[in-house]
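Residue numbers (this note's numbering), protein chains in the order written: chain A, 5 to 117; chain B, 2 to 114.
Below is one structure, written out as C-alpha cells; comments come after it.
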C-alpha cells in the first residue's frame, strides 16, 4: 500500500522568509511524487512533480521540491514567501504499477505580512 | 479547454433524498477519478475509471454510493439515500495517464440536512 505523511497540520511563516512544507512517503518501487495547492473554495491545482532525473524539481509560482530517496521525503520549498501563497498544500504519491494518486492530509500554510 | 467541469457547485438536500453529482472530464483524458474531501478524513479516493470502465471502487463507502461513466465525456456520482455524514466536497479529476498528474474540477459542496 502507498501512503503519504504531512507531519504539520499548519505552517506559519513571515512574508519574505523561506518556507518549507514537509512530506514523506511510502510506496513499493520508485515513487512518482506531486504537490498540489488548494485555495479556499477551489479545486486542487498542480504545482510540480517528480518522476525521474534531477532530485530538485522546480514548479509553478517559484516553488520547488527536493526528492530524497534515502529519507523517503519530498519537501516543498520556496525561497521567499508571499502572502498570496497562503493556502492548503497537498503532497501525493503514485507507486510503481499503480494508477491512483494517494494524498496526504494537507498542510495549511499561512504567510504573515 | 475549459478544464474539468463539475455541477452543481453547491447542493443542499434533505436526508433520504437522492443526490447526483456530475462531471465532464477534459477531452482526451482516459482516467477519471472521484474524490471526497472532509476535514476529518482529508481527500479520499472513491472510485476511478479508465476508458469509461470502473477499475477500482474500493473507496466507495457503502452501497448507497454508485458511479457511472456512460461515455468519455460524462460521469455521475449518485448517493441514494443521502445521509448527513455524506456532507463533504466531492471532486472529480481527470488525467491523461497517471504520471502526468490530475486536473481537478472545482468541486461540489454537498450538505445533507
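We treat Cβ as the ideally placed atom computed from N, Cα and C, and that holds for glycine.
Since the structure is predicted, the reported quantities are computational estimates derived from the model, not experimental observations.
Contacts with chain A at 9 Å (Cβ-Cβ) include residue 57(B).
Between residue 115(A) and the set 39(A), 105(A), 24(A), the nearest pair of CA atoms involves 24(A).
Excluding the 5 residues flanking it on each side, residue 36(B) has same chain C-beta neighbours closer than 6 Å at 44, 46, 92, in chain order.
Here residue 10(A) is buried, its C-beta having at least 16 other C-beta atoms within 10 Å. Taking each of 74(A), 82(A), 109(A) in turn and checking the Cα distance to residue 33(A), the smallest one comes out for 74(A). Taking 9 Å as the threshold, the shortest C-beta distance from residue 62(A) to chain B does not fall below it. In the displayed model, residue 58(B) falls within coil according to three-state DSSP, outside both helix and strand.
Under the 9 Å criterion on CB atoms, residue 106(B) is classed as interfacial with respect to chain A. Residue contact with chain A for residue 53(B): absent (no Cβ-Cβ distance below 9 Å to any residue of chain A). The DSSP-derived three-state label of residue 83(A) is coil. The contact set of residue 91(B) on chain A, defined by CB atoms closer than 9 Å, is empty, because the minimum CB distance reaches about 11 Å.
Residues of the region 79-111 of chain A with a Cβ closer than 9 Å to any Cβ of chain B, in chain order: 94, 96, 98, 102, 103, 104, 105, 106, 107, 108, 109, 110. Contacts with chain A at 9 Å (Cβ-Cβ) include residue 5(B). When the five nearest sequence neighbours on each side are left out, the beta carbons in the same chain lying within less than 6 Å of the beta carbon of residue 64(A) are those of 51, in order along the chain. Beta bridge pairing from DSSP links residue 27(B) with no other residue.
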